[in-house]
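Colleague: Right, I'll just put the structure down here and ask away after.
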Amino acid sequence: MAKLILLTGDERKEYELGPSSALGRHPDSTIQILDRVVSKEHARIEFRGDGQFILRDLGSLNGTHIGGQRIVSEHLLQDGDEILMGTTRLLFKQQVDQPQGKVTIAADLTASHIRQRIAAVEDRDFQAEGAITDVAVLRRDYERLRMAHEMVRSIGAELDLDRVLGKILDSSFDLLRADRGVILLVDEGGLTETRASRQRAGTSEIVLSTSVLNEVLHTKAAVLSSDASTDSRFSAAKSIIMHNIRSTMCVPLLYGEELLGIMHLDTQIASGAFGEKDLQVLNGIARQAAVAIKNARLAQENLEASRTREQFKRLLSPNLVEQVVNGQLKVEQGGETREVTVLFTDIRGFTSMSENRQPREVVVMLNEYFDVMVDVLTAYEATLDKYVGDEIMALFGAPIAIKDGPYKAVACGLEMQRALAELNRTRLAEGQVEIRMGAGINTGEMVCGMLGSKQTMQYTVVGDSVNTGARLCSLAKAGEVLVSEATFQHCRDRFVADVLPPVTVKGKQQELRVWSVKSLKE
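Residue numbers for the sequence shown follow this note's numbering, so the first one is 31 and each next one is one higher.
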């Protein structure tokens with residue numbers, strides 16, 4: 031992977047290079063450069079295979095320069111080339127690292143022999159300007175500030191965790207002489223998971239030592255070994271010796287006292303490649319990294335909570351929505367079979383009501399009607415499944431199981447009729463026509479789950495019991511609440527109902543026994 035890094039200005043911007051990238055002031059440029067001295071179509075970078083990128087000037091007025099020399103035709107870019115276009119400086123970085131190398135954690139047979147805590151350089155607070163008398167302290171603090179600034183510029187406002195981790199390793203490779211790097215995250219159980227890795231071309235497979243990892247994991251201290259292959263503290267750690275890890279730094283990613291993960295860097299080039307200053311820099315990177323990881327996790331949690339809340343706030347009562355978001359109640363994403371009570375309502379004569387009215391007037395009427403009906407549904411712990419024109423479909427017992435669902439559905443149906451009567455009083459007083467509604471209720475086993483396409487999914491229920499509820503609704507007269515025998519048997523002693531003659535509905539060979547509910551018993 032290769033990229034261009036914009037060096038001009040306070041904000042660090044990075045652009046990944048594709049097969050062909052156009053540079054210039056034109057808005058259609060792959061990389062738009064807002065510089066008055068830069069031509070609209072200034073230059074182009076093309077991938078030539080074998081990891082080679084060619085920079086070609088497109089006849090710009092002020093030219094394209096590398097290393098103080100103007101490009102005549104084209105230039106083979108090298109890692110670290112600084113490109114000058116007008117007053118804009120760009121850095122070409124060619125990531126010869128493998129984006130995600132193979133990582134193995136090797137168990138050291140005598141890892142328990144490590145007794146000594148390997149402490150990191152003490153993390154001192156910044157001293158006040160007047161208190162600094164040692165130039166070395168000033169240089170140290172400057173280095174920490176510079177490193178923090180570079181990290182902030184690199185990570186920026188990135189909130190995708192995997193991209194954050196990749197950028198952290200990229201910045202570490204820019205600042206330190208590392209050949210291989212790994213970031214492992216720690217879960218609630220204290221186990222580590224490899225989430226990002228980098229290695230330079232030509233280096234061997236990344237192998238981590240359990241001796242080193244356990245030291246950092248259990249003590250929350252950093253490990254620095256100038257020559258891990260000969261360091262007496264790791265003399266028995268066979269994985270270190272076998273894989274020729276000459277210098278190693280391993281630091282905890284701490285957010286306050288919370289251990290979020292571990293960052294490991296090693297090199298094979300020479301003994302003593304890493305020193306205390308390098309460890310200090312890596313500690314600074316780790317502090318910034320921990321903040322970025324925490325922010326990314328919180329952003330992801332907030333996004334998931336927002337999506338969950340948005341998905342269910344129109345379906346469930348507010349208290350149930352918060353329970354789902356907080357994880358107190360679980361909603362199965364796959365299909366499941368459970369007993370649910372379904373309630374359908376439908377406006378009688380809606381087609382004729384709509385024929386002589388303007389569409390806007392019809393929409394206003396429906397919204398007014400739905401507002402009243404949904405308030406009642408929420409009060410009885412119902413889940414609003416969907417609107418189908420003027421029809422409402424509501425569930426009692428899905429996706430969240432509720433106590434006494436069939437009875438609550440019957441009580442809800444009666445209350446919806448009462449609330450509609452109250453609404454009609456207002457409508458008649460305003461010279462508007464009444465809205466008349468019938469309701470049907472059925473209880474039975476239904477398949478519940480998220481249905482739809484990959485782009486759009488909705489929680490709903492399907493099955494024969496659902497169809498029966500819809501058929502009962504179509505039979506109900508204005509002001510009537512019809513219930514099936516299954517619903518009636520659940521709560522027969524708790525409401526007053528008249529049994530109707532058996533009816534035959536579409537899709538059913540046997541006649542259905544139906545009751546018309548009049549009122550609840552005291």
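Beta carbons are placed, not taken as given, at the ideal position from N, Cα and C, and that holds for glycine.
Return helix, strand or coil for N386, following the three-state DSSP convention.
Modeller: If you number the sequence shown from 1, residue 386 lands on position 356. In this structure, N386 counts as coil in the three-state DSSP scheme.
Colleague: From the DSSP output, in three-state form, read off I144 for me.
Modeller: As a working mapping, residue 144 is identified with position 114 in the sequence shown. In this prediction, I144 scores a pLDDT of 32, lower than 50, which makes its location untrustworthy; no coordinate-derived value is stated.
Colleague: Let me know if A506 comes out buried or exposed under the rule of 16 or more other beta-carbons within 10 Å of its beta-carbon.
Modeller: To locate residue 506, count along the sequence shown from 1; it is residue 476. Its Cβ being crowded by 16 or more others within 10 Å, A506 is buried.
Colleague: Here's the rule: buried if 16 or more other CB atoms are within 10 angstroms of the residue's CB, otherwise exposed. What is S549?
Modeller: Reading the sequence shown from its first residue, position 519 is the one you call residue 549. When all chains shown are included, S549 counts as exposed.
Colleague: Taking just the CA atoms, how far does L481 sit from F426?
Modeller: Position 396 of the sequence shown, counted from the first residue, corresponds to residue 426. Position 451 of the sequence shown, counted from the first residue, corresponds to residue 481. If I take the Cα positions, the gap works out to 18 Å.
Colleague: DSSP beta-bridge partners for L53?
Modeller: The residue you call residue 53 lines up with position 23 of the sequence shown. For L53, which the question treats as bridged, DSSP gives the partners I61 and A73.
Colleague: For the segment 463-516, which segments carrying the alpha helix (DSSP H) assignment without a break, of at least 4 residues, lie completely within its bounds, in sequence order?
Modeller: As far as the segment 463-516 is concerned, its whole alpha helix (DSSP H) runs of at least 4 residues are 494-505.
Colleague: Grab the span of the beta strand (DSSP E) containing F525 for me, first residue to last.
Modeller: Within the sequence shown, residue 525 is the residue found at index 495, counting from 1. Residues F525 to V533.
Colleague: Taking only three categories from DSSP, how would you classify L521?
Modeller: Within the sequence shown, numbered from 1, the residue matching residue 521 stands at position 491. Per the sequence shown, residue 521 should be read as Cys rather than Leu. C521 falls in the coil class under three-state DSSP.
Colleague: Excluding the 5 residues preceding and the 5 following V533 in the sequence, name in chain order all residues of the same chain whose CB lies nearer than 8 Å to its CB.
Modeller: Here residue 533 is taken as the residue at index 503 of the sequence shown, counted from 1. Within the same chain, V533 has close Cβ partners L505, E541, L542 and V544.
Colleague: Report the three-state DSSP secondary structure of D164 (helix, strand or coil).
Modeller: Taking the first residue of the sequence shown as 1, we reach residue 164 at position 134. Coil.
Colleague: So for G196, helix, strand or coil by DSSP?
Modeller: Looking up residue 196 in the sequence shown gives position 166. Three-state result, G196: helix.
Colleague: Of the choices S227, Y489 and T517, whose alpha-carbon is the least far from that of S495?
Modeller: For the purposes of this step, residue 495 is taken as the residue at position 465 of the sequence shown. When only C-alpha atoms are compared, the closest one is T517.
Colleague: CA-CA distance, E498 and K324?
Modeller: By 1-based counting over the sequence shown, the position of residue 498 is 468. By 1-based counting over the sequence shown, the position of residue 324 is 294. The displayed chain sequence assigns Thr, not Glu, to residue 498. Whole-angstrom Cα-Cα distance: 51 Å.
Colleague: At the level of alpha carbons, what is the spacing between M446 and E334?
Modeller: Mapped onto the sequence shown, residue 446 falls at position 416. Mapped onto the sequence shown, residue 334 falls at position 304. Going by the C-alpha atoms only, they are around 34 Å apart.
Colleague: Sorted by chain position, which residues of the same chain lie with C-beta nearer than 6 Å to V29's C-beta, five sequence neighbours on each side aside?
Modeller: This structure leaves residue 29 out entirely; the chain is present only between 31 and 552.
Colleague: Taking the alpha carbon of Q318 as the reference point, which residue from L283, H294 and A329 has its own alpha carbon closest?
Modeller: Your numbering for residue 318 matches position 288 in the sequence shown. With distances taken between Cα atoms, Q318 lies closest to L283.
Colleague: In terms of residue numbering, what span does the beta strand (DSSP E) encompassing K123 cover?
Modeller: Taking the sequence shown and counting its residues from 1, the one referred to as residue 123 is at position 93. Per DSSP, K123 belongs to the beta strand (DSSP E) from T118 to Q124.
Colleague: Leaving out five residues on either side along the sequence, give the residues of the same chain with a beta carbon under 6 Å from the beta carbon of A32.
Modeller: In the sequence shown, counting from the first residue as 1, residue 32 sits at position 2. Excluding positions up to five away in sequence, the list reads L47, F83 and Q124.
Colleague: Sorted by chain position, which residues of the same chain lie with C-beta nearer than 6 Å to G493's C-beta, five sequence neighbours on each side aside?
Modeller: As a working mapping, residue 493 is identified with position 463 in the sequence shown. Closer than 6 Å at Cβ, skipping near neighbours: M476 and V477.
Colleague: Looking only at its own chain, which residues have a Cβ that is under 6 Å from the Cβ of L574, when we skip the five neighbours before and after it?
Modeller: Summary: the structure shown does not reach residue 574, with the chain confined to residues 31 through 552, and so no result is reported for it.
Colleague: Going by C-alpha distance, which of D109, K43, Y437 and K551 is nearest E515?
Modeller: Working through the sequence shown from its first residue, we reach residue 515 at position 485. Ranking D109, K43, Y437 and K551 by Cα distance to E515 puts Y437 first.
Colleague: Roughly how many angstroms lie between the CA atoms of E411 and V404, to the nearest whole one?
Modeller: For this step, residue 411 is matched to residue 381 along the sequence shown. For this step, residue 404 is matched to residue 374 along the sequence shown. Approximately 11 Å between the Cα atoms of the pair.
Colleague: Does the beta-carbon of K551 have 16 or more other beta-carbons within 10 angstroms, so that it is buried, or is it exposed?
Modeller: As a position in the sequence shown, residue 551 is number 521, starting the count at 1. Exposed.
Colleague: Let me know if L205 comes out buried or exposed under the rule of 16 or more other beta-carbons within 10 Å of its beta-carbon.
Modeller: One-based indexing of the sequence shown puts residue 205 at position 175. Per the 10 Å Cβ criterion, buried.
Colleague: Output yes or no for whether 7 Å exceeds the beta carbon distance between R119 and L37.
Modeller: Position 89 of the sequence shown, counting from 1, holds the residue named residue 119. Position 7 of the sequence shown, counting from 1, holds the residue named residue 37. In this structure, L37 lies closer than 7 Å to R119 by Cβ.
Colleague: Just the C-alpha distance for N92 and S103, rounded to the nearest angstrom, thanks.
Modeller: Position 62 of the sequence shown, counted from the start, is the residue given in the question as residue 92. Position 73 of the sequence shown, counted from the start, is the residue given in the question as residue 103. The alpha-carbon atoms of N92 and S103 are separated by roughly 14 Å.
Colleague: Look at T249 and T371 and say whether their C-beta atoms are less than 7 Å apart.
Modeller: In the sequence shown, the residue the question calls residue 249 occupies position 219. In the sequence shown, the residue the question calls residue 371 occupies position 341. In this structure, T371 does not lie closer than 7 Å to T249 by Cβ.
Colleague: Beta-carbon separation of V547 and V440 under 7 Å?
Modeller: The count along the sequence shown starts at 1 and reaches residue 547 at position 517. The count along the sequence shown starts at 1 and reaches residue 440 at position 410. Going by C-beta atoms, V547 is nearer than 7 Å to V440.
Colleague: If distances are taken between C-alpha atoms only, which option among R225, A251 and Q99 comes closest to E287?
Modeller: Residue 287 sits at position 257 when you count from the first residue of the sequence shown. Answer by Cα proximity: A251.
Colleague: Are the CB atoms of I236 and V133 nearer to each other than 7 Å?
Modeller: Here residue 236 refers to the residue found at position 206 of the sequence shown. Here residue 133 refers to the residue found at position 103 of the sequence shown. It is a contact, given that the beta carbons lie within the stated cut-off.
Colleague: Which of helix, strand or coil does DSSP assign to T38?
Modeller: Translated into the one-based positions of the sequence shown, residue 38 becomes position 8. Coil, per DSSP.
Colleague: On the criterion of 16 or more Cβ atoms from any shown chain inside 10 Å, does L168 qualify as buried, or is it exposed?
Modeller: Position 138 of the sequence shown holds residue 168. Under this definition L168 is an exposed residue.
Colleague: CB A508 to CB R378, shorter than 7 Å?
Modeller: For this step, residue 508 is matched to residue 478 along the sequence shown. For this step, residue 378 is matched to residue 348 along the sequence shown. For A508 and R378, yes; Cβs fall inside 7 Å.
Colleague: Out of curiosity, what's the CA-to-CA distance linking L107 and R230?
Modeller: As a first step, residue 107 must be located in the sequence shown, where it is residue number 77. As a first step, residue 230 must be located in the sequence shown, where it is residue number 200. Rounded to whole angstroms, L107 to R230 spans 18 Å at the Cα level.
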